[in-house]
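Going left to right, the sequence shown walks through residues 0 to 153 as numbering that gives the first Met the number 0 numbers them. Backbone N, C-alpha and C define an ideal beta-carbon position, used for all residues, glycine too. Below is one structure, written out as structure tokens; the observations come after it.
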Amino acid sequence: MSDVTTSGATSRRVLLASAGAVGAGALLAACGSEAPATTPTDGATSPGAAGATGAAAGAGTVLGKAADIPVGGGVIFKEQGVVVTQPTAGQFVGFSAICTHQACPVSQVEAGKIKCQCHFSEFSITDGSVLQPPAPRALDKKEIKVEDGEIKLA
Ligand code: FES
0 MSDVTTSGAT SRRVLLASAG AVGAGALLAA CGSEAPATTP TDGATSPGAA
50 GATGAAAGAG TVLGKAADIP VGGGVIFKEQ GVVVTQPTAG QFVGFSAICT
100 HQACPVSQVE AGKIKCQCHF SEFSITDGSV LQPPAPRALD KKEIKVEDGE
150 IKLA
């Protein structure tokens, strides 16, 4: 999932670079006979796209589809720093994706456990409790809700 984020950021950069090129071209064209029709559109699109993918994940932020969270497992939403698990069918639970040991992001949900590969702490997908130290305490809870099949921050 971070790959998507990275490529999205790259695409944005490419788009901005392209917009610059188009803008330069438009300026040259403006000296001619045609008015630049693309500049206002580019300006309106870029800030909207940046806002939609901003790093701050507040209430109402859509994390993903409920159908993509495996029963007995979970999904790590790295960009938002949230792990969503589904311990039993239809029961969704949210946790911070930051390990309580030394703040590494957890990296895997497997066999009913949320795992941190930094020092191999493991947490329960049900309540975030520590199953294997060195983590000193449970993962922090994140309030989530399911609306129209989507998992959102509450
Ligand atoms: S930071 Fe997660 S186990 Fe150390």
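Here Ile150 has Leu62, Gly63, Ala65, Val83, Ile143 as same chain residues with Cβ atoms under 6 Å from its own Cβ, once five neighbours each way along the sequence are excluded. The C-beta of Thr99 has 16 or more other C-beta atoms within 10 Å across all chains shown, which makes the residue buried. Those residues that have a beta carbon less than 5 Å away from any non-hydrogen atom of ligand 1 are, in order along the chain, Cys98, His100, Gln101, Cys103, Cys115, Cys117, His118, Ser120. For Glu109, the CB contacts under 8 Å within the same chain, skipping 5 residues up- and downstream, are Gly72 in chain order. Separation of Thr60 and Val145 (C-alpha to C-alpha, rounded to the nearest whole angstrom) is 11 Å. With a threshold of 16 other beta carbon atoms within 10 Å, Gln107 falls short and is exposed.
The distance from the Cβ of Gly127 to that of Phe94 is about 5 Å, consistent with a contact at the 8 Å cut-off. Considering only Ala137, Cys103, Ala56, the residue with the shortest C-alpha distance to Cys117 is Cys103. Listed in chain order, the non-local C-beta contacts of Ile68 below 6 Å within the same chain comprise Val74, Val83, Gln85, local neighbours out to five positions each way being set aside. Residue environment analysis places Val105 among the buried positions, since at least 16 neighbouring C-beta atoms fall within 10 angstroms of its C-beta. Val70 places its beta carbon 7 Å or farther from that of Lys141. Taking the C-beta atoms as reference points, Ala134 is found nearer than 7 Å to Ser120.
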